[in-house]
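Engineer: Structure provided below as structure tokens; questions to follow.
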Amino acid sequence: MAAAAGGGVAATASESSLRALYRWVDAVPLSRPRRNIARDFSDGVMVAEVVKFFFPAMVQLHSFVPASSTPQKLANWGHLNRKVLSKLNFSVPNEVIRQIVQCRPGVVEQVLLLLRQKIEEKQKQVKAVPGPGQELGLQAAQEISYLETGKAGCSKARSTGGGCTQETPTAVGGNESRQHCAPAAGGDTAAIRLQLAEREQALLLAQETVQILQMKVRRLEQLLRLKDMRIDDLSRCLQQARHQQQ
91 MAAAAGGGVA ATASESSLRA LYRWVDAVPL SRPRRNIARD FSDGVMVAEV
141 VKFFFPAMVQ LHSFVPASST PQKLANWGHL NRKVLSKLNF SVPNEVIRQI
191 VQCRPGVVEQ VLLLLRQKIE EKQKQVKAVP GPGQELGLQA AQEISYLETG
241 KAGCSKARST GGGCTQETPT AVGGNESRQH CAPAAGGDTA AIRLQLAERE
291 QALLLAQETV QILQMKVRRL EQLLRLKDMR IDDLSRCLQQ ARHQQQ
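Numbering-wise (this note's numbering), the sequence shown opens with residue 91 and increments by one.
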């Protein structure tokens, strides 16, 4: 059952916890610089950007429209609750959403504090339960750890410096003994580590490029909306001028 954010809103966060929260938020590359956190996060778009930074596959940013109108802000938060926050076992009550939309001071900080907690819990779950959707950085760390520790059957060979070690034959294998060779130390491991690091860096660069392009698209969309509004205003002024001349 999803945890609601309403219970913690009434409580006042300590100054130190707020400073830590602001540092955490500022570490995320957002589409707009943080100036007034109550106003900046009121439409829910930057909340979606925070979640996407940690879990890129969880959020489709094109579904969230930057807004100053109350109906669109409420629509963004409703979509956040249904499609994003629910995956973090997290839900913001309607009453709290209305306070956030109205830019009431201190409310969005409480929600962000709980969001950070839920994100950290989800990150621990991802690390504890490996799966196909795991991030490349975690996979690389596991593979490097495996290469450093090696297989149990080869540990004796590495410790003695020998190339191979013989095992006692099993009942199924008969009297034939089998050999297990230790992997070549040094060069091969370093090369694999380098390849993993290069691939991880390439993925990070690609993700940054995608985020930059998405931000540019959103800004262009916002400019188009502003131009449309300006055209509408000019059209109304022109019509009024024509009526006055008649």
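Positions of the beta carbon are idealized from the N, C-alpha and C atoms, including for glycine.
Are there 16 or more other CB atoms within 10 angstroms of the CB of Gln200, so buried, or fewer, so exposed?
Structural biologist: Residue 200 sits at position 110 when you count from the first residue of the sequence shown. The residue in question, Gln200, is buried, as its Cβ has 16 or more Cβ neighbours within 10 Å.
Engineer: Grab me the residues of Leu178's own chain with a C-beta within less than 6 Å of its C-beta, minus the 5 sequence neighbours each way, in chain order.
Structural biologist: Within the sequence shown, residue 178 is the residue found at index 88, counting from 1. Answer for Leu178: Lys208, Lys212, listed in chain order.
Engineer: Which word fits Asp351, buried or exposed, when buried means at least 16 other C-beta atoms lie within 10 angstroms of its C-beta?
Structural biologist: Outside the modelled stretch of the chain, which goes from 91 to 336, sits residue 351, for which no answer is possible.
Engineer: For the alpha helix (DSSP H) that Ala176 lies in, which residues bound it at each end?
Structural biologist: Counting from one through the sequence shown, the residue named residue 176 turns up at place 86. Looking at the sequence itself, residue 176 is Ser, so the reference to Ala does not match. No alpha helix (DSSP H) contains Ser176, which DSSP labels as neither H nor E.
Engineer: Cβ atoms of Val155 and Asn171: under 9 Å apart, would you say?
Structural biologist: Start at 1 with the first residue of the sequence shown, and residue 171 comes out as number 81. Start at 1 with the first residue of the sequence shown, and residue 155 comes out as number 65. Result no, Cβ atoms of Asn171 and Val155 do not sit closer than 9 Å.
Engineer: Given this structure, state the Cα-to-Cα distance separating Leu108 from Ala128, to the nearest angstrom.
Structural biologist: Walking along the sequence shown from the start, residue 108 turns up at place 18. Walking along the sequence shown from the start, residue 128 turns up at place 38. When rounded, the distance between both Cα atoms is 13 Å.
Engineer: Reducing DSSP to helix, strand and coil, say where Ser106 ends up.
Structural biologist: As a first step, residue 106 is located in the sequence shown; it is residue number 16 there, counting from the start. In the structure shown, Ser106 sits in a helix (DSSP, three-state: H, G or I).
Engineer: Can you tell me which of Val191, Met136, Ser104, Ala147 puts its alpha carbon nearest to the alpha carbon of Asp116?
Structural biologist: Stepping through the sequence shown from its first residue, residue 116 is reached at position 26. Here the closest residue by C-alpha is Met136.
Engineer: Since I believe Val140 is in contact with Val118 (beta carbons under 8 Å), could you give me their beta-carbon distance rounded to a whole number of angstroms?
Structural biologist: In the sequence shown, counting from the first residue as 1, residue 118 sits at position 28. In the sequence shown, counting from the first residue as 1, residue 140 sits at position 50. 5 Å between Cβ atoms; contact.
Engineer: According to DSSP, is Ser49 helix, strand or coil?
Structural biologist: There is no way to answer for residue 49, as the model of the chain reaches only from 91 to 336.
Engineer: Rounded to the nearest angstrom, what separates Ser104 and Gln192 at their Cα positions?
Structural biologist: Numbered from its first residue, the sequence shown carries residue 104 at position 14. Numbered from its first residue, the sequence shown carries residue 192 at position 102. When rounded, the distance between both Cα atoms is 23 Å.
Engineer: Taking only the alpha-carbon atoms, compute the straight-line gap between His152 and Leu303 and give it to the nearest angstrom.
Structural biologist: On the sequence shown, residue 152 is found 62 positions in, with the first residue counted as 1. On the sequence shown, residue 303 is found 213 positions in, with the first residue counted as 1. Whole-angstrom Cα-Cα distance: 12 Å.
Engineer: Kindly indicate the opening and closing residues of the alpha helix (DSSP H) around Arg129.
Structural biologist: Residue mapping note: residue 129 aligns to position 39 of the sequence shown, counting from 1. From DSSP, the alpha helix (DSSP H) with Arg129 extends over 127–130.
Engineer: Can you grab the Cα-Cα spacing for the pair Glu298 / Tyr112, in whole Å?
Structural biologist: Residue numbering aside, residue 298 sits at position 208 when the sequence shown is read from its first letter. Residue numbering aside, residue 112 sits at position 22 when the sequence shown is read from its first letter. Near 22 Å, if we compare the C-alpha coordinates of Tyr112 and Glu298.
Engineer: Assign Pro156 to one of three DSSP states: helix, strand, or coil.
Structural biologist: Along the sequence shown, one-based indexing puts residue 156 at 66. The answer is coil: DSSP assigns Pro156 none of H, G, I, E or B.
Engineer: Under the three-state reduction of DSSP, which class applies to Gly98: helix, strand or coil?
Structural biologist: For the purposes of this step, residue 98 is taken as residue 8 along the sequence shown, with counting starting at 1. No answer about Gly98 holds up, because its pLDDT of 41 lies below 50 and its placement is not dependable.
Engineer: Return the chain-ordered list of same chain residues with a C-beta closer than 8 Å to the C-beta of Arg206, the five sequence neighbours on each side being excluded.
Structural biologist: Numbered from its first residue, the sequence shown carries residue 206 at position 116. These residues qualify, in order along the chain: Leu111, Trp114.
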